[in-house]
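Novice:
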Amino acid sequence: MSLIDQYSRNINYLRISVTDRCDLRCVYCMKEKMEFLPKKEILTLEEIEKMCDNFIEMGVKKIRLTGGEPLVRRDIIKLIKRLNSKKNITNLKEITLTTNGSLLEKYAYDLKKGGVDRINVSLDTINHIKYKKITRFGNLDKVILGIKEAKKNNITVKINTVVLKNFNEDELEKL
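Each step along the sequence shown adds one to the number in this note's numbering, with nothing skipped, and position 133 is 1007.
1) Mind reading off the beta-carbon distance from L1014 to H1002? Whole number of angstroms is fine, and I expect it under 8 Å.
2) Please go through the segment 942-1001 and give each complete beta strand (DSSP E) segment of 3 or more residues, from N-terminal end onward.
3) Would you identify the three-state DSSP class for K1025, choosing helix, strand or coil?
4) Just verifying my parser: in three-state terms, what is the DSSP assignment at T1035?
5) So I937 and L888 are supposed to be a Cβ contact under 8 Å. How far apart are they, rounded?
6) In whole angstroms, what separates the C-alpha of T1009 from that of N1034?
7) Alpha carbon to alpha carbon, how far is K1048 from K1032?
8) Using DSSP with H/G/I as helix, E/B as strand and the rest coil, what is N928?
9) Can you tell me which residues form a DSSP beta bridge with R895?
10) Could you check the C-alpha separation between I1021 and N1028 for me, to the nearest Å?
11) Reducing DSSP to helix, strand and coil, say where K936 ends up.
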């Protein structure tokens, strides 16, 4: 059984939000006093794994873990390891992660060792003042160190940027 979209194309990519929580409060993403889902409404590790298994059986080859910020989830490395164990015995070929990068320095080694193939880092500016305005209290230096640590661990890094008119469009080439 395979998944087919409305244009008769095979669907082989699953993007799953593993949490709604985030350690930043980017102005375009979250309200300042965001109300998160009750923990009982967040899928457990086992539920996420079972869902991924079902999609892999239907032809999914790539899984992207997102959030919120997936690295705030305490069992994220365990989930990645479980998914990685399926690569040689199923259709699964790639595990990727989208992150704001704030915890990347801490987790880069474990992400690589666990089986992450690539990461996307959401980074909207390399200006410290603008970064604080966008994230409300984030630390740009931690993100830069995290990107360097990911590269040091041979993780392919792609930068995602939200372009904001009259704010950061002048930085696109630098990013």
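Even for Gly, the Cβ is constructed at its ideal location relative to N, Cα and C. On a predicted model such as this, the values are computed, not experimentally measured, just so you know.
Specialist: Let's see:
1) As a first step, residue 1014 must be located in the sequence shown, where it is residue number 140. As a first step, residue 1002 must be located in the sequence shown, where it is residue number 128. Contact flag correct, Cβ pair sits at about 5 Å.
2) 968-973 and 992-996
3) Working through the sequence shown from its first residue, we reach residue 1025 at position 151. DSSP places K1025 in helix when its eight states are reduced to three.
4) Here residue 1035 refers to the residue found at position 161 when the sequence shown is read from its first residue. Correct three-state label for T1035: coil.
5) As a working mapping, residue 937 is identified with position 63 in the sequence shown. As a working mapping, residue 888 is identified with position 14 in the sequence shown. Right, the Cβ-Cβ distance comes to about 5 Å (below 8 Å), so this counts as a contact.
6) Here residue 1009 corresponds to residue number 135 of the sequence shown, with the count starting at 1. Here residue 1034 corresponds to residue number 160 of the sequence shown, with the count starting at 1. Answer to the nearest angstrom: the Cα atoms are 15 Å apart.
7) Against the sequence shown, residue 1048 aligns to sequence position 174. Against the sequence shown, residue 1032 aligns to sequence position 158. Those two C-alpha atoms are separated by around 14 Å.
8) On the sequence shown, position 54 is the one that residue 928 refers to. Helix.
9) For this step, residue 895 is matched to residue 21 along the sequence shown. In DSSP, R895 forms no bridge with anything.
10) Counting from 1 along the sequence shown, the entry for residue 1021 is found at position 147. Counting from 1 along the sequence shown, the entry for residue 1028 is found at position 154. Going from the Cα of I1021 to the Cα of N1028 covers about 11 Å.
11) On the sequence shown, residue 936 is found 62 positions in, with the first residue counted as 1. K936: strand per DSSP, three-state reduction.
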